[in-house]
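Residue numbers (the numbering used here), protein chains in the order written: chain A, 11 to 110; chain B, 22 to 509.
Beta carbons are placed, not taken as given, at the ideal position from N, Cα and C, and that holds for glycine.
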Amino acid sequence: MAEPEHGVSRDDVKKIARLARLHVEDSQCGAIADDLNGILAWIEQLGEVDVEGVEPMTSAVDMRAPMRPDIVTAGGIRDQILANAPKAEDGFFVVPRSVE
Amino acid sequence: MTDLTKMTLAGALDGLTAGDFSSVELTDAHIEACEAASGLNAFITPTFDLARDQAKASDERRASGTVGKLEGAPLGMKDLFCTEGVKSTAASKILGDFTPTYESTVSANMKADGMVMLGKLNLDQFAMGSANETSFYGPVINPWRNGEDLVSGGSSGGSASAVAAGLCLGATATDTGGSIRQPASFTGTVGIKPTYGRCSRYGIVAFASSLDQAGPIAKTVEDAAILLESMAGYDPKDSTSLNETVPDWRGACGQSVKGLRVGVPKEYTIDGMPSEIEALWQQGVDWMRDAGAEIVEVSLPHTKYALPVYYVVAPAEASSNLARYDGMRYGLRVDGENLADTYERTRTEGFGDEVRRRIMIGTYVLSAGYYDAYYLRAQKVRTKIADDFRNAWDSCDVLLTPTAPSAAFPVGRKINDPVQMYLNDVFTVTANLAGLPGISVPAALDGNGLPLGLQVIGKALDESTVFKAAGALEKAAGFTAKPEKWWI
Numbered sequence: 011m012a013e014p015e016h017g018v019s020r021d022d023v024k025k026i027a028r029l030a031r032l033h034v035e036d037s038q039c040g041a042i043a044d045d046l047n048g049i050l051a052w053i054e055q056l057g058e059v060d061v062e063g064v065e066p067m068t069s070a071v072d073m074r075a076p077m078r079p080d081i082v083t084a085g086g087i088r089d090q091i092l093a094n095a096p097k098a099e100d101g102f103f104v105v106p107r108s109v110e
Numbered sequence: 022m023t024d025l026t027k028m029t030l031a032g033a034l035d036g037l038t039a040g041d042f043s044s045v046e047l048t049d050a051h052i053e054a055c056e057a058a059s060g061l062n063a064f065i066t067p068t069f070d071l072a073r074d075q076a077k078a079s080d081e082r083r084a085s086g087t088v089g090k091l092e093g094a095p096l097g098m099k100d101l102f103c104t105e106g107v108k109s110t111a112a113s114k115i116l117g118d119f120t121p122t123y124e125s126t127v128s129a130n131m132k133a134d135g136m137v138m139l140g141k142l143n144l145d146q147f148a149m150g151s152a153n154e155t156s157f158y159g160p161v162i163n164p165w166r167n168g169e170d171l172v173s174g175g176s177s178g179g180s181a182s183a184v185a186a187g188l189c190l191g192a193t194a195t196d197t198g199g200s201i202r203q204p205a206s207f208t209g210t211v212g213i214k215p216t217y218g219r220c221s222r223y224g225i226v227a228f229a230s231s232l233d234q235a236g237p238i239a240k241t242v243e244d245a246a247i248l249l250e251s252m253a254g255y256d257p258k259d260s261t262s263l264n265e266t267v268p269d270w271r272g273a274c275g276q277s278v279k280g281l282r283v284g285v286p287k288e289y290t291i292d293g294m295p296s297e298i299e300a301l302w303q304q305g306v307d308w309m310r311d312a313g314a315e316i317v318e319v320s321l322p323h324t325k326y327a328l329p330v331y332y333v334v335a336p337a338e339a340s341s342n343l344a345r346y347d348g349m350r351y352g353l354r355v356d357g358e359n360l361a362d363t364y365e366r367t368r369t370e371g372f373g374d375e376v377r378r379r380i381m382i383g384t385y386v387l388s389a390g391y392y393d394a395y396y397l398r399a400q401k402v403r404t405k406i407a408d409d410f411r412n413a414w415d416s417c418d419v420l421l422t423p424t425a426p427s428a429a430f431p432v433g434r435k436i437n438d439p440v441q442m443y444l445n446d447v448f449t450v451t452a453n454l455a456g457l458p459g460i461s462v463p464a465a466l467d468g469n470g471l472p473l474g475l476q477v478i479g480k481a482l483d484e485s486t487v488f489k490a491a492g493a494l495e496k497a498a499g500f501t502a503k504p505e506k507w508w509i
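Have a look at this one:
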C-alpha cells in the first residue's frame with residue numbers, strides 16, 4: 011500500500027470532511043489528522059496478507075439478489091412520510107434554496 | 022409472593038400459563054424495578070403506560086384462548102429498532118425527535134407473539150461503540166460494580182444492563198462487531214447473534230449493512246432461544262433475509278453434546294489478556310470434554326486481521342448508510358448560510374464524535390485513490406477470514422473462545438487511542454465478517470467479582486448446535502451469581 015503510507019494531511023481532513031458533508035474547524039484539522047493516521051497505520055497491516063487472486067467478499071451470505079415485480083408496495087402514505095419532516099408545507103418538504 | 026423480576030422468561034411464561042399471576046402483575050413488578058433503577062440509565066424512552074395497556078390486552082387474549090410465543094412477557098427494545106408511534110433515536114441527537122410511522126419487522130414479530138414492551142433501551146450512538154459511552158443520552162451503568170461505576174459494554178449496553186438488573190425478562194439487541202455478545206459477557210447475561218440473514222434488518226437503523234444482525238440478550242440460553250424464535254424469520258422487505266424456516270431452538274438447548282467436535286482456535290489469545298480469561302477458556306474446554314464433547318485444536322490464521330478489516334468495511338458502509346441524514350426529510354435540521362452549509366451544520370451537530378470519526382474513515386477508504394488499497398483489500402482479506410472458518414468446519418462442529426479480552430471497565434476511563442477501544446471486539450468480530458452465529462454464555466466471576474463470558478461460534482444456519490453447546494456450557498458453569506441491588 012504505497013500511497014496511504016504518506017498519511018492524512020490537514021488538507022486531506024478538509025477534503026474528506028467536505029466529501030462527508032461534515033463541518034471541521036481549521037483548529038481541529040491537526041487533531042483529526044493524527045486520529046485518522048493512528049487508525050490507518052493500524053489498518054496498514056492488511057498489506058501483509060497475500061490476496062493475489064482472492065475474490066472480494068461483498069456479502070455475508072452466499073445468495074442471489076431476490077427479484078420482485080416492479081410495483082408500488084407501500085404507496086399513498088404522503089402524510090406518514092412527511093410526519094417527521096423538519097419543515098413541510100401543503101404536502102411538500104420545504105428545503106433550503108439550492109438553485110440561485 | 023415471589024419476586025417476579027427474578028424469574029426467567031421461560032419460568033414467567035409457565036407461570037402465566039398456570040395462572041399463577043397475570044401479565045398485568047408481571048408487568049407492574051418490572052415497571053417498579055425499572056423506576057427504581059433509573060440510575061443505571063438503561064432506558065432512553067420508557068413506555069410504561071403502553072406496557073400496562075399491552076399487558077391488559079394480553080391477559081384478555083389469554084382469557085379468550087389466544088396465546089403467543091411471548092404472550093404477556095415484559096421485554097425491552099434496543100432503541101435502534103423503529104417502533105411505530107414510539108420515539109426511535111439510535112441514541113443520537115440527529116434522530117432525537119424521530120417517531121417512526123412504521124414498525125421494524127423484528128419488533129412486529131414480537132408484538133404479534135404477545136410481547137409487552139417496557140421501553141426503548143440505551144445504546145452506543147448508531148451502535149458505534151463498545152462501552153455504551155457514545156450515547157447522546159449518557160452512558161449505561163453496569164449493575165455489576167467493583168467499588169466504582171463500570172460500563173455495560175456496547176453497543177447493546179442498555180439491553181444487557183436491563184436484563185442483568187432484572188428490569189425486563191429479556192431484550193432485543195443488535196450486533197455488528199460484537200455488540201450483543203460483549204455486553205452480555207460484561208453483565209453476566211446470555212447474548213446470541215444469529216447467522217446473518219436470520220433476522221430481518223427492516224426497520225433497524227442501519228450501521229454496516231453487511232454485518233448488522235439482530236438477536237436477543239437474555240437471562241438463560243433457553244430464554245435466548247425463545248426470544249430468537251420470535252425475532253427470526255424470512256422477510257421479503259429485507260433483500261438479505263434468508264428464506265429458511267425457524268427450527269425448534271428451545272428444544273436444542275438441553276440436548277447432549279456427546280460426540281460434538283469442539284474446535285479451540287489457538288489464535289484467540291492476545292497480549293495483555295488477563296490470565297483469568299485464559300484459565301476460564303481452558304475451564305470451558307474441560308467442561309465440554311467432561312460433557313462428552315471431543316476437543317480439537319484448530320487454526321484460524323487470519324484472525325489478527327479481522328479487526329483491521331472490520332474498521333475498513335464497517336466505517337465504509339456506515340459512511341454510505343449515514344449519508345441519508347441530511348436534515349431534509351426527517352431528523353434534526355440546523356439551518357446554515359446555504360444548502361451545503363445546512364448539510365454540514367446538521368450533520369456536525371447531529372452526530373457525536375465517534376460517529377463523525379467513523380464517517381470520516383469510511384469516506385477516506387472509499388475515496389478515489391484509496392479504494393483499492395483499503396476497501397477492496399479489506400474485502401479480499403474478509404474472504405480469507407471466512408475461508409479460515411470453512412476450513413475449520415472440516416474438523417469441528419463449533420468453536421469455543423473467550424467472548425471479550427477483559428471484564429467490564431470503569432465508566433469514563435480515558436482512552437486516547439481509539440484502536441485500544443476497538444480491541445474489545447477482537448474475539449467477536451470474526452463471526453460478523455463471516456456471517457456466522459455466535460453466543461456468549463456467562464461462565465464465571467473474575468477475582469474482582471465481575472462476570473466473564475465464553476463464546477460458541479457455529480456454522481451458518483446451525484444455531485441449533487450453537488444452542489446445544491451453549492446449553493451444555495451453561496449447565497457445567499452453573500453461573501447463578503447476581504449483582505447486588507446497590508442502585509435501589
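Notebook entry, point to check: Given that a residue counts as buried once 16 or more other Cβ atoms are within 10 Å of its Cβ, and exposed if not, what is V309 (chain B)?
Noted result: Note on residue identity: the sequence assigns Met, not Val, to residue 309 (chain B). By the neighbour-count definition (other C-beta atoms within 10 Å, threshold 16), M309 (chain B) is a buried residue.
Notebook entry, point to check: Are there 16 or more other CB atoms within 10 angstroms of the CB of W165 (chain B), so buried, or fewer, so exposed?
Noted result: Within a 10 Å sphere around the beta-carbon of W165 (chain B) sit 16 or more other beta-carbons, which makes this residue buried.
Item checked: Chain-ordered chain B contacts of Q38 (chain A) [CB-CB under 9 Å] -> Within chain B, no residue comes near Q38 (chain A); the closest Cβ sits about 10 Å away, beyond 9 Å.
Check: What do you reckon, are the CB atoms on L475 (chain B) and L301 (chain B) nearer than 8 Å?
Finding: In this structure, L301 (chain B) lies closer than 8 Å to L475 (chain B) by Cβ.
Next item on the list: Buried or exposed for K405 (chain B), please, with buried defined as at least 16 other CB atoms from any protein chain shown within 10 angstroms of its CB.
Entry: The C-beta of K405 (chain B) has 16 or more other C-beta atoms within 10 Å across all chains shown, which makes the residue buried.
Note to self: Against chain A, does F17 (chain B) count as a neighbour if the rule is that its beta carbon must be under 8 Å from one of theirs?
What the structure shows: Since the first residue shown for chain B is 22 and the last is 509, residue 17 (chain B) is missing from the structure and cannot be characterised.
Note to self: Let me check understanding here. Comparing Cα to Cα, which of B:V242, B:C274, B:A253, B:F157 lies closest to E265 (chain B)?
What the structure shows: Each of B:V242, B:C274, B:A253, B:F157 was checked against the Cα of E265 (chain B), and the nearest Cα belongs to B:A253.
Item checked: Spatial distance of D170 (chain B) from G433 (chain B) (CA atoms) -> Between D170 (chain B) and G433 (chain B), the alpha-carbon positions lie close to 9 Å from each other.
Check: In chain A, which residues lie less than 7 Å from M349 (chain B) when you measure between Cβ atoms?
Finding: Within chain A, the residues near M349 (chain B) are F103, V105.
Item checked: Distance between T216 (chain B) and D483 (chain B) (C-alpha atoms, nearest Å) -> Roughly 8 Å between the two C-alpha positions.
Check: Would you say T110 (chain B) and A148 (chain B) are within 8 Å of each other, going by their C-beta atoms?
Finding: Their beta carbons are not under 8 Å apart, which means T110 (chain B) does not touch A148 (chain B) by this criterion.
Checklist line | Cross-chain neighbours of L30 (chain A) in chain B, by beta carbon under 7 Å | finding: The sequence shown places Ala at residue 30 (chain A), not Leu. Neighbours of A30 (chain A) on chain B, chain order: S340, I380, M381, T384.
Next item on the list: Could you tell me if Q303 (chain B) is buried or exposed, where buried requires 16 or more neighbouring beta carbons within 10 angstroms of its beta carbon?
Entry: It counts as exposed.
Item checked: Local conformation of A31 (chain B) per DSSP, three classes -> Judged by DSSP in its simplified three-state form, A31 (chain B) adopts helix.
Notebook entry, point to check: Taking C-beta to C-beta, are P96 (chain A) and G348 (chain B) nearer than 8 Å?
Noted result: Yes, these two residues count as a Cβ contact at 8 Å.
Check: Taking buried to mean at least 16 other C-beta atoms within 10 Å of its own C-beta, is N359 (chain B) buried or exposed?
Finding: N359 (chain B) comes out exposed.
Notebook entry, point to check: How many angstroms separate the CA atom of T363 (chain B) from the CA atom of G357 (chain B)?
Noted result: Each residue's Cα considered, the two are about 4 Å apart.
Check: For G187 (chain B), which residues of its own chain have a beta-carbon under 7 Å away from its beta-carbon, when the five flanking residues on both sides are left out?
Finding: Within the same chain, and ignoring the five residues on either side of G187 (chain B) in sequence, the residues whose Cβ sits closer than 7 Å to its Cβ are T26, K27, A54.
Note to self: DSSP three-state label for P322 (chain B), please.
What the structure shows: Correct three-state label for P322 (chain B): coil.
Notebook entry, point to check: Is there contact between the stretch 323-343 of chain B and the stretch 422-438 of chain B, where contact requires at least three CB pairs shorter than 8 Å?
Noted result: With the rule of 3 Cβ pairs closer than 8 Å, the stretch 323-343 of chain B does not count as touching the stretch 422-438 of chain B.
Item checked: Alpha-carbon spacing of S182 (chain B) relative to E35 (chain A), whole angstroms -> Across the structure, S182 (chain B) and E35 (chain A) are spaced so that their CA atoms are roughly 37 Å apart.
Notebook entry, point to check: Under a three-way DSSP split, which group does T38 (chain B) fall into?
Noted result: In the structure shown, the three-state DSSP call for T38 (chain B) is helix.
Check: Name the DSSP bridge partner or partners of Q234 (chain B)?
Finding: For Q234 (chain B), which the question treats as bridged, DSSP gives the partners B:D196.
Margin query: For a test of the three-state rule: what should DSSP assign to M136 (chain B), helix, strand or coil?
Written below: The three-state reading of DSSP puts M136 (chain B) in coil, since its state is none of H, G, I, E or B.
Item checked: Alpha-carbon to alpha-carbon, E297 (chain B) and E58 (chain A) -> Annotation: E58 (chain A) to E297 (chain B) spans about 32 Å, alpha carbon to alpha carbon.
Next item on the list: On a CA-only basis, which of B:F42, B:L454, B:S416 is nearest Y331 (chain B)? Give me that one, please.
Entry: Each of B:F42, B:L454, B:S416 was checked against the Cα of Y331 (chain B), and the nearest Cα belongs to B:L454.
Checklist line | Contacting residues, own chain, Cβ-Cβ under 7 Å from A112 (chain B) (five flanking each side not counted) | finding: Answer for A112 (chain B): I65, D100, N143, L144, D145, Q146, S156, F157, Y158, listed in chain order.
Check: Along the chain, which unbroken stretches of the alpha helix (DSSP H) at least 4 residues long are found entirely within the stretch 23-74 of chain A?
Finding: Taken in chain order, the complete alpha helix (DSSP H) segments of 4 residues or longer contained in the stretch 23-74 of chain A are 39-53.
Next item on the list: Identify which residue in A:A98, A:P66, A:H33, A:D45 has its Cα closest to the Cα of A394 (chain B).
Entry: Minimum Cα distance to A394 (chain B) is reached at A:P66.
Margin query: Using the three-state DSSP reduction, which class does D476 (chain B) fall into: helix, strand or coil?
Written below: The question names Asp, but residue 476 (chain B) is Gln in the sequence shown. It is a strand residue.
Margin query: Does R219 (chain B) come out as helix, strand or coil in the three-state DSSP assignment?
Written below: R219 (chain B): coil per DSSP, three-state reduction.
Margin query: Is there a C-beta anywhere in chain A that falls below 8 Å from the one on L249 (chain B)?
Written below: Not one chain A Cβ lies under 8 Å of L249 (chain B).
Next item on the list: Give the single residue among B:E124, B:G199, B:G218 whose Cα lies nearest to the Cα of N153 (chain B).
Entry: The candidate whose alpha carbon is nearest that of N153 (chain B) is B:G199.
Check: Is it the case that the Cβ atoms of V462 (chain B) and V242 (chain B) are separated by a distance below 8 Å?
Finding: Taking a C-beta distance under 8 Å as the contact criterion, V462 (chain B) and V242 (chain B) qualify as a contact pair.
Check: Got a sec: is the Cβ-Cβ distance from D45 (chain A) to anything in chain B below 8 Å?
Finding: Chain B contact via Cβ: present.
Check: Between A51 (chain A) and R271 (chain B), what straight-line distance do the alpha-carbon atoms span, to the nearest angstrom?
Finding: Straight across, the Cα-Cα distance linking A51 (chain A) with R271 (chain B) is about 45 Å.
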